[in-house]
Amino acid sequence: MLYYSTKDKSQHASFRDAVLTGLAPDGGLWMPSELLPLPDRWIEALPHLSLVEIAKEVAGIFAGEEVPPSVLRKIVNEALNFAAPLVPLDDDLFVLELFHGPTLAFKDFGARFLARLLSFFLEHSNRKVTVLAATSGDTGSAVASGFYGVKNIRVYLLYPSGKVSAIQEKQMTTWGKNITALEVTGNFDDCQAMVKQAFQDAEIRKKVNLTSANSINIGRLIPQCFYYFHAFAQLARCGEKAVAAQVIVSVPSGNLGNLTSGLFARRIGLPVRKFLASTNINDVFLQYLSSGAFHPRPSRSTISNSMDVGNPSNFARILALYNSDATQMRADIQAASFNDDQTLAAMEEVNRKYNYVCDPHTAVAYLGLRNVKRSLPGVFLATAHPAKFPDIVRRACGVEVEMPQGLRDCLEKEKRAIRISSNYADLKKILL
């Protein structure tokens, strides 16, 4: 399959080159040239398929013939060695837990898959690659874990100083070896802008083979399609009503990568009636759906910090998917925005009504689903383990979350980060 740039459809790349470059030369994001639906018989067989079986089939659509089936099977077997259970809270309300990977966040799906895919593409060459990733929270730890020790790959993680949780910071700054954390004096949008500037810097591109591990890299986005199909497979096992019905899915949304993956999955056959883009007060996507005009703005800090994005990168892919037609978009996507007080109240409500403890990002997704009238099953995504936000959980629910051993070990390690300003020159000096 060929990929085209969202800024210029005449610019094309193979799957390999799209993954290795991260961004198109013109700064656009790589988009699949076509999204063909999976056979009806495969969709009907979903209840009988495992996550790994689903992943191999879906990944093959995007990789085409560039990754042999045996290699793809090996990649998904190694990358997805953890569960993604669909937990029923009520007869028609379900939460998809995506935090059972090594760093306890949904980003493990994409980071682990991408690390192994890049390793395969570099296997028979002398090429060395530098991975740049901006993070507002969980991306950094997932990328660090997924890429740690991978041959011929150097990783730089840019995160906004003071705007990630203490646990998230420890998870991305305690690795060493081929992983370097860069603590940026600024916000996530500053970090993301610096990464994009590096990709468009001719001097850098001449001397350094850059790629990205953010969701701007199509190789990070594709594996996030897998768990949408896996959710439907589990839902279909719940009974005849669920099998016959389509589903409404609420996605906690910041940089819009998770939502974009869901939309890709829908295009290739996932029976989703509607997606809910549930955001915190950084609601530029909601404003676009309401007005048809996109006005990025500086991000504002919230307790759901991974969603603190004022200029979401993957908006460009969603525009491409719908030919910039907001009316078509509204038919498939509904958006809502919630503040910190509402998020805290939702965390308390979920704990009281369902005896279920969730993190603030998951609570925002729950709010999105709770605030729509529906006759169909509803699924909201749990994107991070509540133990990553102990202070917020304690404040909202008055309970202590047992901290997994991996997190306890991480907190005992020494933070190692290079502090830089939000001036691009600082980043460029490090890269050169």
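Counting from 1383, one number per residue, gives the positions in the sequence shown under the working numbering. Glycine included, every Cβ here is placed at the ideal spot set by N, Cα and C.
Residue i vs residue j beta-carbon contact at 7 Å
i: I1604; j: W1412; result: no
i: R1790; j: L1417; result: no
i: S1632; j: L1658; result: yes
i: L1564; j: I1715; result: no
i: G1404; j: K1389; result: no
i: F1611; j: L1645; result: no
i: F1495; j: V1761; result: no
i: A1515; j: L1486; result: no
i: L1638; j: P1694; result: yes
i: D1815; j: F1570; result: Nothing about residue 1815 can be read from this structure; the chain reaches only from 1383 to 1814.
i: V1746; j: N1662; result: yes
i: M1383; j: G1446; result: yes
i: A1615; j: L1809; result: no
i: L1758; j: I1586; result: no
i: L1671; j: A1717; result: yes
i: S1895; j: N1696; result: Residue 1895 is absent from the model: the chain starts at 1383 and stops at 1814.
i: F1608; j: V1440; result: yes
i: S1683; j: G1750; result: no
C-alpha distance - residue i paired with residue j, whole-angstrom precision
i: K1456; j: Y1541; result: 32 Å
i: G1674; j: R1712; result: 10 Å
i: P1680; j: N1664; result: 9 Å
i: N1534; j: P1407; result: 22 Å
i: F1720; j: Y1748; result: 11 Å
i: L1402; j: Y1736; result: 44 Å
i: S1387; j: H1394; result: 7 Å
i: E1622; j: N1560; result: Its pLDDT being 49, under 50, E1622 is placed unreliably in this model, and the value from its coordinates should be taken loosely. Cα to Cα, the separation comes out at about 50 Å.
i: P1470; j: K1391; result: 43 Å
i: R1536; j: G1492; result: 18 Å
i: I1549; j: A1764; result: 18 Å
i: L1454; j: Q1582; result: 31 Å
i: A1807; j: F1771; result: 34 Å
i: L1617; j: T1562; result: 41 Å
i: F1488; j: A1584; result: 34 Å
i: R1798; j: D1707; result: 45 Å
i: N1805; j: V1666; result: 25 Å
i: K1438; j: V1458; result: 7 Å
i: V1654; j: A1524; result: 27 Å
i: G1788; j: P1484; result: 8 Å
i: K1510; j: T1744; result: 37 Å
i: A1466; j: Q1606; result: 12 Å
i: I1436; j: F1444; result: 13 Å
i: G1544; j: G1522; result: 14 Å
i: K1588; j: R1756; result: 53 Å
Residue range of the unbroken beta strand (DSSP E) whose run includes residue i
i: E1447; result: First-last for E1447: undefined, no H or E at that position.
i: E1479; result: 1475-1479
i: L1417; result: Careful: L1417 lies outside any beta strand (DSSP E) and carries neither H nor E.
i: V1537; result: 1535-1542
i: Y1806; result: Premise fails: Y1806 lies in the alpha helix (DSSP H), 1806-1813, not in any beta strand (DSSP E).
i: T1403; result: Run containing T1403: none in the beta strand (DSSP E); it sits in the alpha helix (DSSP H), 1397-1403.
i: D1472; result: 1468-1472
i: L1514; result: 1511-1516
i: S1387; result: 1385-1387
Beta-carbon proximity list for residue i, same chain, < 7 Å, skipping 5 on both sides
i: C1792; result: K1552, Q1553, T1556
i: A1702; result: T1388, M1413
i: I1685; result: D1722, T1725, P1742, I1774
i: A1778; result: L1726, M1729, E1730
i: A1613; result: L1468, L1478, V1761
i: H1677; result: V1666, Q1669
i: V1434; result: V1458, N1459, L1462
i: P1768; result: V1739, C1740, D1741, V1775, V1783
i: G1692; result: D1571, N1664, V1666, P1678, R1679, P1680, S1681
i: G1497; result: It is worth fixing the name first, because residue 1497 is Ala in this sequence and not Gly. Closer than 7 Å at the Cβ level, and outside the excluded window around A1497, lie G1528, F1529, V1532.
Sequence-distant residues of its chain with Cβ nearer than 6 Å to residue i (five each side left out)
i: K1795; result: T1556
i: S1501; result: V1532
i: V1590; result: T1512, L1813
i: N1733; result: V1739, C1779
i: K1811; result: none
i: R1619; result: P1429
i: F1464; result: H1482, G1483
Unbroken alpha helix (DSSP H) run spanning residue i, endpoints
i: T1521; result: 1520-1529
i: K1552; result: 1548-1555
i: R1801; result: Not the alpha helix (DSSP H): R1801 falls in the beta strand (DSSP E), residues 1799-1803.
i: S1501; result: 1489-1504
i: L1411; result: Where L1411 is concerned, there is no enclosing alpha helix (DSSP H), given that its DSSP letter is neither H nor E.
i: G1483; result: Run containing G1483: none; DSSP gives neither H nor E here.
Residue i beta carbon near the ligand HEM (any heavy atom closer than 6 Å)
i: A1516; result: Among the ligands in the structure shown, none appear at all, so the ligand HEM cannot be discussed.
Contact set for residue i: own chain, Cβ-Cβ below 8 Å, skip 5 residues either direction
i: D1572; result: P1542, V1566, S1804
i: G1558; result: R1798
Mind listing, in chain order, the continuous alpha helix (DSSP H) runs of no fewer than 4 residues lying wholly within the region 1566-1647? 1570-1581, 1584-1589, 1600-1603, 1605-1618, 1622-1626
With a floor of 4 residues, list each alpha helix (DSSP H) that falls wholly inside the region 1736-1779, ordered by position along the chain. 1742-1752, 1772-1779
Minimum length 4: unbroken alpha helix (DSSP H) runs contained in the region 1646-1727: 1666-1673, 1697-1703, 1708-1714
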